[in-house]
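Residue numbers (the working numbering): 92 to 201.
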């Protein structure tokens, strides 16, 4: 059975002529979140524990970003920098090239 990850990356008005790594860096960046129970503010980050067999990246656009061009590789998408430091995947598989990925551009009405 193939493992699949589906990422939704929002394209912002400031993302004029960027590459996919700009969007991935923002998606995986540390951020502050507030606890709904105690209202404390904590830092969170998203990291991959494993690399999938298939990666789907959805580029979410709206009317202000529908013509923004986002460059992406046609092969060998490097996701190694987004793996958790303690991921056992780091030691067991080549992390520099993910060759099965798909880009989908979604239009979102605001």
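Note that the Cβ used here is the ideal one computed from N, Cα and C, for glycine as well.
Membership of residue 150 in the beta strand (DSSP E) is indicated by the continuous run 145-152. Only residues of its own chain outside the window of five on either side were considered, and among them 138 and 140 have a CB closer than 6 Å to the CB of residue 175, listed in chain order.
Each residue's CA atom was taken as its position, placing residue 145 and residue 101 some 20 Å apart. Under the DSSP assignment, residue 115 falls in the alpha helix (DSSP H) whose first and last residues are 111-119. Each of 95, 121 and 114 was checked against the Cα of residue 160, and the nearest Cα belongs to 114. Look at residue 160 here: in three-state DSSP terms it is coil, with no helix or strand label. Residue 156 sits away from residue 98, with the two beta carbons spaced by 8 Å or more.
Residue 172 carries a helical assignment under DSSP once its states are collapsed to helix, strand and coil.
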